[in-house]
Amino acid sequence: MKKVGELALEWHKNNKKLSQTTAGRLLSSMSKHIFRVIGHRSVTEIKTRYFIKLLKGIKEKVLLEVTSRTRQHLRNIMRYAVHQGFIDSNPAINLDGITIPPAIDHVVVK
1 MKKVGELALE WHKNNKKLSQ TTAGRLLSSM SKHIFRVIGH RSVTEIKTRY FIKLLKGIKE
61 KVLLEVTSRT RQHLRNIMRY AVHQGFIDSN PAINLDGITI PPAIDHVVVK
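Residue numbers (UniProt numbering): 1 to 110.
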């Protein structure tokens with residue numbers, strides 16, 4: 001069965017909308033944040049909880065923007081897996097609350 005890392009590379013290769021620069025940055029980001037953690041897992045065994053753990057780990061280490069983009073990439077990769085017939089439903093679809101930024105208390109200084 002296809003691994004998440006293999007599927008992500010296939011999705012990346014077939015994503016013709018990206019410029020060469022953006023595609024390079026995306027591949028680098030996937031290598032850093034996705035492949036190391038879940039790239040070895042079979043697409044059919046992947047669960048939402050794996051994505052939650054991955055995103056929380058990224059959120060603790062890097063900018064929230066990176067976490068948010070990674071969430072989007074995971075959703076798109078797994079949508080591709082559904083479209084290719086590897087899985088029946090997208091386990092990355094319900095990850096929106098994971099990347100909500102903390103509330104900022106705006107104080108007016110006089």
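Even glycine gets a Cβ: it sits at the ideal position worked out from N, Cα and C. Predicted model only: the values in this text are computed from it and were never measured.
- Between the stretch 75-88 and the stretch 10-19, the count of Cβ pairs shorter than 8 angstroms is three or higher; the stretches touch.
- Within its own chain, the residues whose Cβ lies closer than 8 angstroms to the Cβ of Thr-44, once the five positions on either side in sequence are excluded, are Met-1, Phe-86, Ile-87, listed in chain order.
- In the three-state DSSP reduction, Lys-17 falls in the coil class, being neither helix nor strand.
- With a cutoff of 8 angstroms on beta-carbon distance, Gly-39 and Val-4 are scored as near each other.
- Cβ contact annotation for Ile-52 (same chain, cutoff 8 angstroms, sequence separation greater than five): Leu-95, Ile-98, in chain order.
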